[in-house]
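Enquirer:
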Amino acid sequence: MKHWLWKTASALSLVALGMLLSFGIFAAWVELYPEDQDPKNIDYVLWTHGLNQNMNLDHAIAGMTHDRRPVRLVTGMSKEQLKKRFGYIHTLEETPNLSGCYPATGGLGRWGDGTEAAFLRNGPWMVILDKGKAVDLVLCKGY
Numbered sequence: 099m100k101h102w103l104w105k106t107a108s109a110l111s112l113v114a115l116g117m118l119l120s121f122g123i124f125a126a127w128v129e130l131y132p133e134d135q136d137p138k139n140i141d142y143v144l145w146t147h148g149l150n151q152n153m154n155l156d157h158a159i160a161g162m163t164h165d166r167r168p169v170r171l172v173t174g175m176s177k178e179q180l181k182k183r184f185g186y187i188h189t190l191e192e193t194p195n196l197s198g199c200y201p202a203t204g205g206l207g208r209w210g211d212g213t214e215a216a217f218l219r220n221g222p223w224m225v226i227l228d229k230g231k232a233v234d235l236v237l238c239k240g241y
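Just so you know, this note's numbering puts 197 at position 99 of the sequence shown, and the rest follows in order with no gaps.
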């Protein structure tokens, strides 16, 4: 009987230690990355996986600038899905200040004919849509 009690107490102690360490690591993560515009912030990470519906979407757009692979957040999405994910999108005509990002020829160059552009919110991101689905993401800097 004593042997069984000792094993149970040891197991519970290890579980408690594991929970304490997990909580400590989580608290350190939250403390190290407090800005929600940081792609390592817990709010941003959860938002990228669709688990944070309360994310400030303007901050999410800003955080995408430092994300390692922001294109994964839009690839394969339709315009309606982009609107649902980012709140709203703009056309090229609605964003004349970013027209320098779009080639003067009116075409989208390497993406080919039949493609169109949409801009995420009021941010610098241009989504390239081919046949109604997002295929690329371009950061428009300096326009």
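Every residue, glycine too, gets a C-beta built ideally from N, C-alpha and C.
For Ile123, is the classification buried or exposed, using 16 other Cβ atoms within 10 angstroms of its Cβ as the cut-off for buried?
Expert: Classification for Ile123: exposed.
Enquirer: In this structure, what does DSSP give as the bridge partners for Asp234?
Expert: Answer is Ile226.
Enquirer: If I measure Cβ to Cβ from Phe184 and keep anything under 8 Å in the same chain, skipping five residues before and after, which residues do I get?
Expert: Taken in chain order, the residues that qualify are Leu155, Ala158, Ile159, Leu218, Arg219.
Enquirer: Please name the residue, chosen from Asp136, Ala125, Leu112, Gly221, that lies closest to Gly161 on a Cα-to-Cα basis.
Expert: When each option's Cα is compared against that of Gly161, the closest is Asp136.
Enquirer: Answer with buried or exposed for Met117, where buried requires no fewer than 16 other C-beta atoms within 10 angstroms of its C-beta.
Expert: Exposed, by the Cβ-count rule.
Enquirer: On the CB-based measure, 16 or more other CB atoms within 10 Å of its CB, does Thr203 come out buried or exposed?
Expert: For Thr203, the predicted structure reports a pLDDT of 44, less than 50, and the residue's modelled location is therefore unreliable. A value from the coordinates is still provided. Exposed, since its Cβ has fewer than 16 Cβ neighbours within 10 Å.
Enquirer: How far does the alpha helix (DSSP H) with Thr106 in it reach, from first residue to last?
Expert: 100-130 is the extent of the alpha helix (DSSP H) around Thr106.
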